[in-house]
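Taking the working numbering, I'd label the letters of the sequence shown as residues 1 to 468. Glycine included, C-beta positions come from ideal geometry on N, C-alpha and C. Right, one structure below, let's go through it.
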Amino acid sequence: MHIGGRRATSASPQDVELPYDGSVVGTIYRAALEHVDQAVGAAAAAAPLMRELTLDERSSILRKAHQLLLDRRDEMAAAVCSETGKPIKEARLEVDRSALTLLFSGEEAHRLRGEVVPMDASPAGKGRMAMTVREPVGVVAAITPFNFPLNLAMHKIGPAIAGGNAIVHKPASATPISAVKMASIFEESGLPPGALNVITGPGGSIGDALVFDPRVAMVTFTGSVEVGLRIRNLAGLKRVTLELGSNSAVIIEDDADLSEAVSRCVAGSFSHSGQVCISVQRIFVQRKIRDEFLERMVEGTKKLAIGHPRDPATDISSLITVGEAERVEDWIGEAVRAGAGLATGGARRRATVDPAVLTEVPDTASLSCREAFGPVVGVNAYETLDEAITRVNASDYGLQAGIYTRDIRKAFHAARRVHVGGFMINEVPQYRVDQMPYGGVKLSGTGREGPRYAIEEMTEPKLICWKV
Ligand code: NAP
């Protein structure tokens with residue numbers, strides 16, 4: 001762990017395993033409640049220092065961290081690959097994106113501004129002037145999931161620093177290595193000791209203490225709906241940002257560029273074995289082109305290379321645990337028993353599931369209505385665009401969705417009616433660049449990330465009013 005600028009351990013070591021084969025890749029220490037207390041205490045002590053840093057000082061720390069992360073690209077990509085089991089080529093992309101997230105955060109620190117308030121628009125405002133300045137909230141608790149351990153942490157830590165906050169970061173138990181390495185990078189970049197603390201250990205036993213601690217002003221969480229709801233209920237009046245799950249859908253109209261749609265649907269369904277919150281899970285294809293789309297989708301899926309995550313040729317390695325792979329296998333079985341067709345894939349070896357394409361998955365099957373978080377996608381035929389929109393919206397989630405069509409009117413007809421946080425035209429919903437506003441509606445969460453938007457959530461607009 002990393003508490004108050006020092007490495008910290010506990011009496012409970014725990015192995016970190018490569019999910020693909022269970023080999024041990026590191027050791028972490030499970031935090032006890034006293035470590036939560038120490039980490040929050042260190043952050044609370046560093047908060048006044050962070051608040052006093054000028055915007056340029058915050059920006060310069062973030063830009064230096066961006067550069068140091070790039071300098072250590074290979075080491076950090078190896079860490080991400082080992083702890084998540086994601087293919088090394090995807091781990092390298094994650095490091096590059098994480099560095100960009102820090103750069104964007106540093107740029108946004110330079111742009112942090114309030115506004116002038118038109119006071120004399122009210123009769124009682126005559127002779128008054130006012131402005132807002134953005135002040136840090138104080139201590140931010142950042143709780144992150146296993147699937148993008150580095151970039152999703154940078155989406156919280158970068159904006160928190162830009163806003164002048166101190167942080168306690170709790171990474172997922174399965175993926176703590178990159179988090180501890182980043183704490184050292186930040187300190188080398190000039191971040192004051194105690195401004196970023198990393199505690200490792202099971203969220204189920206230390207999460208409540210972190211969320212509940214009165215010194216924590218804000219909780220920013222990315223993860224499952226169940227844990228998000230628990231945090232929301234415990235956090236009381238604290239600020240809470242929740243980036244939760246989804247079962248993302250894409251509509252393919254009969255005038256779409258089919259080659260483009262197929263190749264993006266293959267990538268969007270199966271990157272990191274589908275363990276992406278915006279992974280394509282439901283594809284709705286206009287009936288006239290359904291058979292051709294399916295044939296090409298299956299062909300593209302069969303070309304994916306399944307293998308060891310450290311092999312640069314690998315596209316598909318494993319899920320995060322054997323238990324998760326078994327769950328996905330069960331859900332495929334449930335859908336097939338309920339009438340879905342299995343066009344390809346679905347076999348499981350240990351934590352690896354072969355990428356699976358199903359057809360006509362009933363709306364009531366778990367694979368339709370819950371978050372699969374695995375390498376599986378359903379291809380379903382529809383007759384009219386409005387029918388497809390209704391089926392996309394028949395979800396408890398609303399993170400991102402998309403449509404492929406060459407007709408701009410159809411594209412905007414759908415864009416205005418699909419209830420999600422982000423809508424992609426001629427792109428799969430599994431698309432994100434790190435500066436865009438990103439977040440969901442319904443069970444997909446509240447609040448937006450992307451450095452500019454996250455900084456707003458992590459700062460308070462304070463009004464200063466004066467009589468002239
Ligand atoms: P998770 O089980 O909810 O865990 C997320 C984090 O919460 C982990 O650090 C976990 O720690 C911690 N945690 C567990 N119980 C807690 C508690 N009672 N109090 C506080 N923290 C607690 O999620 P996951 O399996 O790691 O990640 C997958 C989920 O994340 C999916 O649902 C996915 O859609 C979602 N996700 C959303 C986005 C987005 O931007 N919307 C992005 C990526 C992932 P432990 O690991 O120690 O249990």
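Every unbroken stretch of the beta strand (DSSP E) spanning 3 or more residues and falling wholly within the segment 233-284 is given here in chain order: 239-243, 249-252. Taken from the Cβ of A174, at least one heavy atom of the ligand NAP lies inside 7 Å. In this structure L463 is exposed. Its beta-carbon is surrounded by fewer than 16 other beta-carbon atoms within 10 angstroms. Residue pairing by DSSP puts L196 in a beta bridge opposite I167.
With contacts defined as CB atoms closer than 8 Å, V198 and H413 fail to qualify as a contacting pair. Take the alpha-carbon of A32 and the one of T200: they are about 9 Å apart. The continuous beta strand (DSSP E) containing N380 extends over residues 376-382. Between the segment 398-410 and the segment 242-262 there are three or more inter-stretch CB-CB distances shorter than 8 Å, so the stretches are counted as touching. An exposed status is given to N233, since fewer than 16 other beta-carbon atoms sit within 10 Å of its beta-carbon.
At least 8 Å separates the beta-carbon of F146 from that of I316.
The way I'd put it, the segment 330-343 does touch the segment 359-374; three or more beta-carbon pairs between them come closer than 8 Å. For Y20, there is no enclosing alpha helix (DSSP H), since its DSSP letter is neither H nor E. The nearest non-hydrogen atom of the ligand NAP is 7 Å or more from the C-beta of S10.
Put simply, of D363, P149, T344, G5 the residue whose alpha carbon is nearest the alpha carbon of D354 is T344.
Under the criterion of beta carbons closer than 8 Å, G203 and V227 qualify as touching, at roughly 7 Å. Per DSSP, P159 is one residue of the alpha helix (DSSP H) stretching across 151-162. Within the segment 290-365, the complete beta strand (DSSP E) segments of 3 residues or longer fall at 341-344, 356-359, listed in chain order.
Minimum Cα-Cα distance from A130 among the listed residues M119, P136, G138 corresponds to M119.
Contact annotation: F104 and Q435 have beta-carbon atoms nearer than 8 Å.
Secondary structure of A142 (DSSP, three-state): strand.
Per the coordinates, the alpha-carbon of C277 lies some 14 Å from the alpha-carbon of S395. Just measuring C-alpha positions, the residue of F186, G125, V25 sitting nearest Q67 is F186.
Not one heavy atom of the ligand NAP falls within 7 Å of the beta-carbon of N151. A distance of 8 Å or more separates the beta carbons of N165 and G190.
With a contact defined as Cβ atoms closer than 8 Å, G374 and E324 qualify at about 7 Å.
Contact between A249 and F284 holds, since their C-beta atoms are separated by about 6 Å, short of 8 Å. Taking 8 Å as the upper bound for CB-CB distance, P362 and A388 are not in contact here, some 16 Å apart. Not one heavy atom of the ligand NAP sits closer than 7 Å to the Cβ of C369.
Rounded to whole angstroms, the gap between the alpha carbons of A153 and G402 is 26 Å. Taking a contact to require three or more Cβ pairs closer than 8 Å, the segment 286-293 and the segment 52-62 do not qualify as touching. Counting only runs of 3 or more residues that sit fully inside the segment 16-86, the beta strand (DSSP E) segments are 24-29, in chain order. With contacts defined as CB atoms closer than 8 Å, L18 and G85 qualify as a contacting pair. Beta-bridge annotation (DSSP): G422 is paired with Q400. Nearest to V225 by alpha-carbon distance, out of L210, F212, T241, G245, is G245. Here DSSP, grouped into helix, strand and coil, assigns G440 to coil.
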